[in-house]
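**Student:** Sharing a structure with you now.
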Amino acid sequence: AICICSDARLGLRDLDFLNVYDCVVTVLRHCPNLEVFIVDPQIGGPIAFSAIADALRTYCSSSLKLISWKMAFNAQSKLIPAMSGLRNLVAIQIELNYPPLTDNSATLPGSKKFRGLTLPKLRQLCLRGAITDFVEQIEQWEMPELADLTLDFKSCQHDFPDLLEIISPHGPQLQLLDVNALFTFDVPAMLSMCPNLVTFCFNLDWALEGTLVSRPHPNIQNLGLYGLKHAFGVGFAGAAAQVNPFEAVVMRRRNDINFHAIRKHHFPKLQLVRVLETGVLEDLNRNDRPAEGVCYERWERWWEQCAMMRVKLEDCTGAPLGTLPQKEEEYDEVESEFTGSVIDESLG
């Protein structure tokens, strides 16, 4: 395995300026059995990406199983050609950084030109960041073994793709679907397309009016929840709500209605509900509990709802929601049934 990362204690540096990618290419020439290649943070732009990708195809294509890569927004047009020769990949994790000094609606010319891609062994695909254009490509990809699909649009607020068209070709084979965005997507339609899902992650802030399924989902065991920054009245969002409560009122209403719809009638096999946001746990820890009043009552109500169903309600560490860690490092994100399972099984 090769992992390229920066040491935060030394400060972030421009790795491209140091021509690190030349060193990486040299190393790759001597690694014909490389299985895991991780790049964090970004190394340069399109030139650096192309050079490293060419080296991976030339020297490591038969052994490489996992790529995890943070890359520049303007390098995405080279991504599909780079992966076309890596047919043994089992897991791909790509994060496209937003272009600097522009808004999140920037579009790269030619980025919507669809190209087919065949990845016969791929089981996990994770796309994050400025992916609103690029994600439309995967509708055309042939991925017969795909089981886990993660799409994280982060702070994007513009030009969302038709997610149902993207998911439709792959939906019946998916076991995990993880979608995080500010924009509200059609959850009942997504779940109808994915009858074999075991784990589903979505944003509880979405305007769903409590409609999560069109009919009971037969296989979902785990639900992961994004959003919730206003739910417990703590942290910056809690302080802001004291000055301007309108957004908090709207979001808390959505949270309550959507959480109320998490019922055994809708998810007969449900065993676990997990709040995925690390920031929520950090804020709860600093405050030592949810804010007094309606926010504390909300936590009690949700806890009782899950207890009545014999469903675990957990925070992002896997501890019961409300059991607050005493040390900051204890709420670091952990590997669980929500993340990493395909990678572990495939490379173990």
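Numbering (the working numbering), first residue to last: 1 to 348.
Where a beta carbon is used, it is the ideal one built from N, C-alpha and C, also for glycine.
Owing to the predicted nature of the structure, the values given are computational and were not obtained by experimental measurement.
1. Drop a sphere of 10 angstroms on the beta-carbon of residue 229, count the other beta-carbons inside from all chains shown, and report buried for 16 or more, exposed for fewer.
2. Whose C-beta lies closer than 7 Å to the C-beta of residue 251 among residues of the same chain, with five residues either side of it excluded?
3. Would you mind stating whether residue 143 and residue 167 have Cβ atoms separated by less than 8 Å?
4. Short check: CB of residue 199 to CB of residue 224, under 8 Å?
5. Taking the CB atoms as reference points, tell me whether residue 233 and residue 290 lie closer together than 8 Å.
6. Here's a check: name, in chain order, each residue in its chain whose Cβ is nearer than 7 Å to the Cβ of residue 123, leaving out the five neighbours to either side.
7. Could you compute how far the alpha carbon of residue 16 sits from the alpha carbon of residue 43?
8. Rounded to whole angstroms, what's the CA-CA distance from residue 30 to residue 55? Just pull it up for me.
9. Can you tell me where the beta strand (DSSP E) with residue 303 in it begins and where it stops?
10. Thinking C-alpha only, which one of 319, 318 and 265 is nearest residue 309?
11. Assess, as a yes-or-no matter, whether the region 208-222 is touched by the region 258-274 under the definition of 3 or more beta carbon pairs within less than 8 Å.
12. What do you reckon, are the CB atoms on residue 274 and residue 306 nearer than 8 Å?
13. Helix, strand or coil for residue 183, going by three-state DSSP, please let me know.
14. Looking at the structure shown, is residue 80 part of a helix, part of a strand, or coil, going by DSSP?
15. Could you check whether the Cβ of residue 90 sits closer than 8 Å to any Cβ belonging to chain B?
**Tutor:** Checking against the coordinates, here is how it stands:
1. buried
2. 205 and 230
3. no
4. yes
5. yes
6. 90, 91, 145, 146, 147, 148, 342 and 346
7. Reliability fails at residue 16, whose pLDDT of 49 lies under 50, so the model's placement of it is uncertain and the value that follows must be treated cautiously. If I take the Cα positions, the gap works out to 5 Å.
8. 10 Å
9. From DSSP, residue 303 is part of no beta strand (DSSP E) but of the alpha helix (DSSP H) over 294-309.
10. 265
11. yes
12. no
13. coil
14. helix
15. In summary, chain B is missing from the structure at hand, where a single protein chain is found.
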